[in-house]
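*Asks:* Shown below is the structure under consideration.
In the numbering used here, the protein residues as written are 9 to 153.
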């Protein structure tokens, strides 16, 4: 199925067949009644990496590069467990992590989750934190999932 980010937005209206749930349900199957009855789980109303990448294409075509990059990172993180995302978020808080901690998270993002854009973001944060004195004094290993 072809997709033109300049012409096919909003995706849900112009190309609804491209907007699906993680298990492949179409938008027409996502109803409040289906959610209330339990026939659709909460996991089914999450954005898929593919949908997020298409949204990034739309943003880039509209000249919104920063938004596109954020959506591409979101696409990478869509497959990362929520508890791991929370651990990374906590590690990125000022004075919570040493430079080595953040590098370990970046390596884990690349190797375990195939998330190079997010790993680069963590490395950029580490550099800014170092420059501003926001790093913790000692390194700790990230916990395995």
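Every residue, glycine too, gets a C-beta built ideally from N, C-alpha and C.
The structure displayed is predicted, hence computed values, not measured ones.
1. According to DSSP, is residue 28 helix, strand or coil?
2. Helix, strand or coil: how does DSSP classify residue 73 here?
3. Using 8 Å as the cut-off, can you tell me whether the segment 50-58 makes contact with the segment 26-42, which would need three or more C-beta pairs spanning the two stretches below that distance?
4. Who are residue 34's beta bridge partners in DSSP?
5. Would you decide whether residue 126 is buried or exposed? Buried here means 16 or more other CB atoms lie within 10 Å of its CB.
6. Inspect the beta-carbon positions of residue 138 and residue 107 and report whether they are closer than 9 Å.
7. Restricting to Cα atoms, I'd like to know which of 129, 12, 142 is closest to residue 70.
8. Name the two residues that bound the continuous alpha helix (DSSP H) containing residue 129.
9. First and last residue of the alpha helix (DSSP H) that includes residue 52?
10. Where does residue 11 fall in DSSP's three states?
11. Roughly how far, in whole angstroms, is the beta-carbon of residue 82 from the beta-carbon of residue 60, given that I think they are within contact range, below 8 Å?
12. Measure how close the beta-carbons of residue 75 and residue 86 come, nearest whole angstrom, since I'm counting them as under 8 Å.
*Replies:* On the basis of the supplied data:
1. Stepping through the chain shown from its first residue, residue 28 is reached at position 20. DSSP places residue 28 in the strand class (E or B) of the three-state scheme.
2. Within the chain shown, residue 73 is the residue found at index 65, counting from 1. DSSP places residue 73 in helix when its eight states are reduced to three.
3. Contact between the segment 50-58 and the segment 26-42 is present, with at least three C-beta pairs closer than 8 Å.
4. The residue given as residue 34 occupies position 26 in the chain shown. DSSP, once it has assigned bridges, lists 28 as partnering residue 34.
5. Within the chain shown, residue 126 is the residue found at index 118, counting from 1. Burial call: buried.
6. Translated into positions along the chain shown, residue 138 becomes position 130. Translated into positions along the chain shown, residue 107 becomes position 99. Yes, the pair counts as a contact, with Cβ atoms nearer than the cut-off.
7. The sequence position of residue 70 within the chain shown is 62, counting from 1. Looking at the Cα atoms, 12 is the closest of the given residues.
8. Within the chain shown, residue 129 is the residue found at index 121, counting from 1. Here the alpha helix (DSSP H) through residue 129 covers 124-140.
9. As a first step, residue 52 is located in the chain shown; it is residue number 44 there, counting from the start. It is not in any alpha helix (DSSP H) - residue 52 carries neither H nor E in the DSSP assignment.
10. Position 3 of the chain shown, counting from 1, holds the residue named residue 11. Reduced to three states, the DSSP call for residue 11 is coil.
11. For this step, residue 82 is matched to residue 74 along the chain shown. For this step, residue 60 is matched to residue 52 along the chain shown. Separation of the CB atoms of residue 82 and residue 60 is rounded to 5 Å, and the pair is thereby assigned contact status at 8 Å.
12. Residue mapping note: residue 75 aligns to position 67 of the chain shown, counting from 1. Residue mapping note: residue 86 aligns to position 78 of the chain shown, counting from 1. Actually they are not in contact, since the Cβ atoms of residue 75 and residue 86 sit about 16 Å apart, beyond 8 Å.
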